[in-house]
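Just below is one structure, and these are the notes that go with it.
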Amino acid sequence: MCSSNGCIFALTGQILFSGQVEMSEIQIELIQTLQTEVALLEGSMKVFSILGHPGFFLLAIIFLYWCLNPRLGLRLALLMGMTLGLNLALKVAFHLPRPYWVSQDLRVLESSQSFGFPSAHAQGSATFWGLIAMDARRRWFSIFAVAMVVLIGVSRVYLGVHFPVDVLAGWAIGAAVLFGFLLLEGPVGRWIVAMPLYRQVFAAFAGSVALFMPSLLAIIAIGDWQVPISWTAGALETSGVPIDPLSLHEAVMASGFFFGFAAGAAVLRRHEWMPTARNGFWVCLFCFIIGLVVAGVIYYGFGLLVPPDFLPAAYLQAAAVAVWVSWGAPILFSWLTRGVGDRGIEM
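Counting from 1, position 198 in the sequence shown corresponds to residue 198 in my numbering; the numbering is continuous, with no gaps.
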């Protein structure tokens, strides 16, 4: 049995999936056509898919925050945390399959353990490149950003990991999240900045809980629903990679990183520091590499100390890395480059 909310989500998901089943032949034929008729694009499609991966967004955000534009980096970190948290919750709420889970007629060029609707790559790219384009305010860059969003979305269909409707929904939701962020960041930001530090840290924690709760509620709402055996078997047979779409691990990691980044940035506001690029390319590169190495040591070292399936530990692991990124590394860089630059900046 499922709860009333769970039944609503389940019914909505089934209606969507029924529509996909009715269109499945058309959508799968489209994917097959892309894979066969333009096979030469396989390499480039894989590259664009990487450019829409959360790991790429994270590296880009860290580079911006440490080296070029701390304020934009912070804005992107908060925005991407929000859009990822929402995406993970919606995936569970609708619990719809990926193409290669239900069809063995596709070449599986990439795999994923989560549900397919909506596409995280499409949603994330719309918010990430959209905010950068709004910040840059250059026509040529806006055209570039739109091209990136489109190509990343198309790559996910080409690789067989999304139906076209997943990508379209991801674009629409990403644009809505970006619009909401731009509408609210001014008044909410001024309200938070006016708080004392301890309340800012608490607000960061509360925000991280708010990011996690939709995923938890979605899991509760679907009740005793189980992933169909045909999906798990199909995914394993076609890709060789098992799926675990009901796991809360990614949602916990996303919320932990949001808390650590926001809290660390709040503490850092009490210090003056400058982007490392102000000190030259080689100083920037050196600091970036050192910062990533330390972040890796924290992440993997923490993982060795606690079991990976213990969710509170996963939250602390992500938060610890994020605090290093948003506070610890800039403090270290300021010390390492002392005397190289002549002035600091405020975020």
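From the three backbone atoms N, C-alpha and C, an ideal C-beta is built for every residue, glycine too. Please read all numbers here as calculations on a predicted model, not as lab measurements.
Item, Value
"Identity of the residue in Phe281, Ile143, Leu182 and Leu90 nearest Leu248 by Cα", "Leu90"
"DSSP-derived helix/strand/coil call for Val227", "coil"
"Three-pair Cβ contact test at 8 Å for the segment 110-120 versus the segment 234-254", "yes"
"Pro330 versus Ile62, Thr33, Ser24 and Phe179, residue with shortest Cα-Cα distance", "Ile62"
"The segment 126-135 touching the segment 87-103, judged by at least three CB pairs closer than 8 Å", "no"
"C-beta atoms of Phe258 and Ser326 nearer than 8 Å", "no"
"Leu79 and Thr127 closer than 8 Å at C-beta", "yes"
"Three CB pairs or more closer than 8 Å across the segment 148-168 and the segment 40-53", "yes"
"Burial state of Ile220, where buried means 16 or more other Cβ atoms lie within 10 Å", "exposed"
"Local conformation of Pro308 per DSSP, three classes", "coil"
"Start and end residues, alpha helix (DSSP H) containing Phe179", "Pro164 to Val193"
"Cβ separation of Tyr198 and Val161, assumed to be a contact under 8 Å, to the nearest whole Å", "Their Cβ separation, rounded to whole angstroms, is 43 Å, which puts Tyr198 and Val161 out of contact at 8 Å."
"Proximity to Trp66 [Cα-Cα], best of Phe141, Phe261 and Glu25", "Phe261"
"Cα-Cα separation, Asp309 to Ala295", "20 Å"
"Runs of alpha helix (DSSP H) wholly within the segment 32-119 (minimum 4 residues, chain order)", "42-50, 54-63, 70-94 and 99-102"
"Backbone CA spacing between Leu151 and Met45 [nearest angstrom]", "8 Å"
"Other residues of its chain near Asp166: CB distance less than 6 Å, five sequence neighbours each side excluded", "Gly116, Phe117, Pro118 and Ser119"
"CB of Gly189 within 8 Å of CB of Gln123, strictly", "no"
"For Leu159 and Asp224, the rounded distance between their alpha carbons", "31 Å"
"Cβ separation of Gly264 and Tyr315, assumed to be a contact under 8 Å, to the nearest whole Å", "Their Cβ separation, rounded to whole angstroms, is 15 Å, which puts Gly264 and Tyr315 out of contact at 8 Å."
"Cβ neighbours of Val323 in the same chain (closer than 7 Å, five flanking residues each side left out)", "Gly260, Ala263 and Gly264"
"Under 8 Å between C-beta atoms of Gly85 and Leu211", "yes"
"Same chain only: Cβ atoms within 6 Å of Ala145, ignoring 5 sequence neighbours per side", "Trp129 and Ala133"
"Neighbour-count burial assignment, Ala318, 16 or more Cβ in a 10 Å radius", "buried"
"Rounded straight-line distance, which links the Cα of Met253 to that of Pro245", "15 Å"
"Cutoff 6 Å; reference Pro228; Cβ partners in own chain excluding five residues on either side", "none"
"Run of the alpha helix (DSSP H) containing Trp327, from where it starts to where it stops", "Taken as a continuous stretch (DSSP letters only), Trp327 belongs to no alpha helix (DSSP H), as it is neither H nor E."
"As assigned by DSSP and simplified to three states, the class of Met347", "Low per-residue confidence applies at Met347: pLDDT is 49, beneath 50, and the placement is therefore not dependable enough to give any value."
"Burial state of Phe202, where buried means 16 or more other Cβ atoms lie within 10 Å", "exposed"
"Unbroken alpha helix (DSSP H) run spanning Arg349, endpoints", "Only positions 1 to 347 of the chain appear in the structure, and residue 349 is not among them; the question remains open."
"Cβ of Leu168 within 8 Å of any chain C Cβ", "Of the protein chains in the structure, only one exists, and it is not chain C."
"6 Å CB neighbourhood of Val177 in its chain, flanking five on each side removed", "Thr83 and Thr127"
"Alpha-carbon to alpha-carbon, Gly43 and Leu11", "With a pLDDT of 48 at Leu11, under the threshold of 50, the modelled position of this residue cannot be trusted; read the value that follows with caution. Going by the C-alpha atoms only, they are around 38 Å apart."
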